[in-house]
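Positions 255 to 458 (this note's numbering) are the ones given, in order, by the sequence shown. Just so you know, even glycine gets a beta-carbon here, dropped at the ideal spot from N, CA and C. Quantities reported herein were computed from a predicted structural model and do not represent experimental measurements. Remarks on the structure that follows.
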Amino acid sequence: MPKVVPEYKEQAIRNIVEAGAYVFNEKGYHKTKMDDIAEKLGVSKGAIYQYFKSKEQLFFEVIDFFLRSRKDEIMTILISGDPKQIASAKFLKMKIERAQQTRSFGLDLFLEAARNEKLRKKMTAVYEESFTEFLDHIDRLKREGIIKREADVGVVWRGIVALRDGLLNSILFGANIKAVTETWEQIATILIDEILVEKNSELV
255 MPKVVPEYKE
265 QAIRNIVEAG
275 AYVFNEKGYH
285 KTKMDDIAEK
295 LGVSKGAIYQ
305 YFKSKEQLFF
315 EVIDFFLRSR
325 KDEIMTILIS
335 GDPKQIASAK
345 FLKMKIERAQ
355 QTRSFGLDLF
365 LEAARNEKLR
375 KKMTAVYEES
385 FTEFLDHIDR
395 LKREGIIKRE
405 ADVGVVWRGI
415 VALRDGLLNS
425 ILFGANIKAV
435 TETWEQIATI
445 LIDEILVEKN
455 SELV
């Protein structure tokens, strides 16, 4: 069997995960078969099993892909040095569009996590990893004088995540997008202002 070039292997895995994400979102976890994902990719089912031993393993990888994408969006803003962008209507709009595109997958994930301990542990591990990386960026922003040194950023971060997820779920169940956006802008701004250094304080 020819040796697999690492770059090709990584791309193959990514292609399978993206196809899996599409099919899981369309059909749901339990109705999806590996044959469906193979058909989406235009390959044999055996080609997928070279990289993933089971549908469950692939599903976990798809979840990891989704969770890390959500994390990377927030990290990009933090790295820019302007945390207030998180409280903007533009940021929430991006989140709403993503949630609407992956609505079926999100609901399926919620139901599956409620009865699958391995899945809950996987989600917890990604969450904790994201939180650790988040705090690393926050330490840098504290040194740069953007965030208060004494601020309990963890509390604010968890509050923003809970607010985001709650509002996105309310939209999926029919809440008015304009009202939700106004709520996001106001409450997220209050939370973020709690940890930011006041730029005008030096002039007082």
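1) Going straight from the alpha carbon of Thr463 to that of Phe345, what length do you get?
2) One question on the structure: do Leu373 and Val410 come within less than 8 Å of each other, judged by their Cβ atoms?
3) To the nearest whole angstrom, what separates the beta carbons of Tyr305 and Ile267, a pair I think is in contact under 8 Å?
4) Do you know offhand how far Leu312's Cα is from Ile449's?
5) Can you tell me whether Ile401 is helix, strand or coil according to DSSP?
6) Take the Cβ of Glu315 as the centre, count every other Cβ of all protein chains shown within 10 Å, and call the residue buried at 16 or more, exposed below.
7) Identify, in the order they occur along the chain, each residue of the same chain with its Cβ nearer than 6 Å to the Cβ of Ala405, setting aside the five sequence neighbours on each side.
8) Using only alpha-carbon positions, find the residue among Thr443, Thr330, Leu363 and Glu398 that is nearest to Ala275.
9) Going by the beta-carbon positions, is the gap between Ala433 and Ile414 smaller than 8 Å?
10) Out of Lys375, Met377, Val451 and Ser308, point me to the one whose CA is closest to Arg397's CA.
11) Just to check my reading of the structure: Asn279 and Thr356 have Cβ atoms closer than 8 Å, yes? What is that Cβ distance to the nearest angstrom?
12) Rounded to the nearest angstrom, what separates Tyr303 and Phe320 at their Cα positions?
13) Anyone know if the C-beta pair for Lys281 and Asp289 falls short of 8 Å?
14) When you compare only the Cα positions, how much space is there between Ala292 and Ala301?
Straight from the coordinates:
1) This structure leaves residue 463 out entirely; the chain is present only between 255 and 458.
2) no
3) 5 Å
4) 39 Å
5) strand
6) buried
7) Ile449
8) Leu363
9) no
10) Val451
11) 5 Å
12) 21 Å
13) no
14) 8 Å
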